[in-house]
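Enquirer: Residue numbers (the working numbering): 54 to 248. Backbone N, C-alpha and C fix where the C-beta goes; we use that ideal spot for every residue, glycine too. Predicted model, so just to flag it, every value in this text is computed and none were measured.
(1) What's the C-alpha gap between residue 122 and residue 94?
(2) By the 10 Å Cβ neighbour count, where 16 or more other Cβ atoms means buried, how is residue 72 classified, buried or exposed?
(3) Where does residue 245 fall in DSSP's three states?
(4) Rank 118, 103 and 113 by C-alpha distance to the C-alpha of residue 135 and give the top, closest one.
(5) If you run the structure through DSSP and keep just helix, strand and coil, what is residue 90?
(6) May I have the straight-line CA-CA distance separating residue 84 from residue 100, to the nearest angstrom?
(7) Rounding to the nearest angstrom, what Cα-Cα distance links residue 57 and residue 220 in this structure?
(8) Select from 207, 228, 81 and 113 the residue whose C-alpha is nearest the C-alpha of residue 180.
(9) By Cβ distance, which residues of its chain are closer than 7 Å to residue 183, with the 5 residues on each side in sequence left out?
(10) From residue 173 to residue 63, what distance separates their C-alpha atoms?
(11) Flag this pair as yes or no: are the beta carbons of residue 205 and residue 212 separated by less than 7 Å?
(12) Rounded to whole angstroms, how far is the Cβ of residue 128 from the Cβ of residue 107, which I believe are closer than 8 Å?
(13) Go ahead and pull the three-state DSSP assignment for residue 118.
(14) Could you give the residue range of the alpha helix (DSSP H) that holds residue 196?
(15) Could you give the distance in angstroms between the alpha-carbon of residue 143 and the alpha-carbon of residue 92?
(16) Cα separation between residue 118 and residue 76?
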């Protein structure tokens, strides 16, 4: 099936871009997702990365080289997105560690303030990556301080759905934060305060 898709893909693109995209999505999504999970060890992040890969494919589908493999192209996009993610996380981690290791005892308050800002920035970035409904529920809970019942009524959802979405949001945030130095006492304080 994959060989047939690969050989007919560019013909299908010329006839019906949406159909070609759908066929590739159905055929390759699972393989890309498994690869992303192996690399980032987070199902939600892996889904986001694979979704970004397919957005890139949609944007450039008509520009692909007819001699190349669609699957190879998709894996190349995924690899690049994972590398960019690692680079961003490494820069943030190095910054947080350098701030915490270079502070003198008299500078503990400044250190705590900077670390809290850094961790808040990490959480803010992760919140922007959340699916729309999850983000909306999380913001109503954290920013507007609404109860689960109030959120459920406002969004016409069951209370259990709201609880599930909040639980998944918290899991995403905890997974992002746990990559940082857990020996930092402020981390526990920050998590307790914001999660």
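Expert: Taking the structure as given:
(1) 27 Å
(2) exposed
(3) Its pLDDT being 46, under 50, residue 245 is placed unreliably by the model, and nothing is read from it.
(4) 103
(5) helix
(6) 12 Å
(7) 42 Å
(8) 228
(9) 191, 222 and 225
(10) 45 Å
(11) yes
(12) Actually they are not in contact, since the Cβ atoms of residue 128 and residue 107 sit about 13 Å apart, beyond 8 Å.
(13) coil
(14) Counting along the chain, residue 196 falls outside any alpha helix (DSSP H), and DSSP gives it neither H nor E.
(15) 15 Å
(16) 18 Å
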